[in-house]
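Following: one structure in structure tokens, then a few remarks.
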Amino acid sequence: MSSSKILRRKAMFAMDFGALPPEINSGRMYAGPGSGPMLAAAAAWDGLATALHTTAASYQAVVSELTTASWRGPASVSMAAAAATYISWLTSTASQAEEAATQARAAAAAYEAAHAMTVPPPVIAANRSLLMLLVATNVLGKTHRRSLPPSSTTARCGPGCRRDVRLRRRLRRRIAGDTV
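Residue numbers 1 to 180, in full-length UniProt numbering, belong to the letters of the sequence shown in order.
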């Protein structure tokens, strides 16, 4: 499959948060495990990076000890060259694991920031309930002077809901950018 077809297929499945009602966006943000799994993944990547760095340092110390003290000659040089390739791989892989941990922490932080700024589902539900009440009691199309017109409840929810959409889009872009 060509890369353009793959990109088009991925674009078909990309979520447009602006097309969804605020109840869905807010509900999705508040549902699920939160940032916990990403933080657990970051800790696991950190553990792997530490283990790989420790192994690389241990191998380097053994090779150094062998080639400088008790074992000299062509076989020693050959063994050191072979071990150097493995030590280099260990070090490079450890650095990649550190980067994966950093990306997982960044994704968790982005999620937490977006979650903190998302309008909570109970606030949206209360706003929708008030809207339904105003619509139901607005028999003649006019509301009582002291009550809010139905359009004002939608306007009150609008900025928060639009902010939610912007936050979710930013979160998706940030996570996608961090994992590329």
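Beta carbons: idealized from backbone N, C-alpha and C, even for Gly.
It should be emphasised that the depicted structure is a prediction, and the values quoted were computed from it without experimental measurement.
Limits of the alpha helix (DSSP H) - the one that residue i falls within
i: Pro-120; result: It is not in any alpha helix (DSSP H) - Pro-120 carries neither H nor E in the DSSP assignment.
i: Pro-33; result: Unbroken run through Pro-33: none, as it is neither H nor E.
Within 8 Å, strictly: CB atoms of residue i and residue j
i: Ser-26; j: Val-119; result: yes
i: Ala-80; j: Val-62; result: no
i: Thr-85; j: Ser-76; result: no
i: residue 185; j: Arg-128; result: The requested residue 185 does not occur in the structure, where the chain is confined to residues 1 to 180.
i: Thr-102; j: Ala-56; result: no
i: Met-29; j: His-115; result: yes
i: Tyr-59; j: Ala-82; result: no
i: Ala-108; j: Ser-35; result: yes
Closest by C-alpha distance to residue i, when choosing among the options
i: Asp-46; options: Ala-19, Ala-100 and Glu-65; result: Ala-100
i: Ser-88; options: Leu-133, Gly-73, Arg-72 and His-53; result: His-53
i: Tyr-111; options: Ile-24, Gly-18, Glu-23 and Pro-33; result: Pro-33
Given 8 Å, three or more beta-carbon pairs between the stretch 88 to 99 and the stretch 117 to 135: The answer is no - the stretch 117 to 135 does not touch the stretch 88 to 99, with fewer than three Cβ pairs under 8 Å.
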